[in-house]
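*Asks:* The structure is given below, and queries will be raised subsequently.
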Amino acid sequence: MTNHERSELLKKVERYETAFTELKAAHDDVKDVLIEAILFDRWQQLGTQLGFKAEQPKKTDEPNRDLAQLNQQISAMSESWSH
């Protein structure tokens with residue numbers, strides 16, 4: 008393996024590690040959003056069964072902001088993988 012090939016391989020490994028880290032972060036973000044929604048829904052269901060009324064706090068742009076943020080992360084990962 009030449010020095011040039013070794014250098015190229017190291018660059019690819021670094022890109023792979025960066026992309027993997029970004030993918031894991033995006034996965035964790037999605038997981039956190041889903042867990043939050045599921046836990047609130049379950050809490051609300053239990054409260055209703057006990058005779059309480061719970062309303063989800065209004066988040067006007069929150070879901071869209073999270074989705075936009077995830078889309079930006081996915082775009083960044085796609086760009087980093089394409090190089």
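Using the numbering used here, count along the sequence shown one by one with no gaps and you end on 90. For every residue, glycine included, the Cβ atom is placed at its ideal position computed from N, Cα and C. All figures in this text were calculated on a predicted structure; none of them were measured in a lab.
In the DSSP assignment, the alpha helix (DSSP H) including residue 55 goes from what residue to what residue?
*Replies:* Run containing residue 55: 10 to 56, per the alpha helix (DSSP H) assignment.
*Asks:* Which one of 29, 58 and 44 has the shortest CA to CA distance from residue 93?
*Replies:* Here the chain covers residues 8 to 90 and nothing more, so residue 93 does not appear.
*Asks:* With the cut-off set at 8 Å, would you say residue 77 and residue 33 are in Cβ contact?
*Replies:* Yes, the Cβ-Cβ distance between residue 77 and residue 33 is below 8 Å.
*Asks:* Considering Cα atoms alone, identify which of 52, 44, 48 and 26 is closest to residue 82.
*Replies:* Selected option, being the one with the closest Cα: 26.
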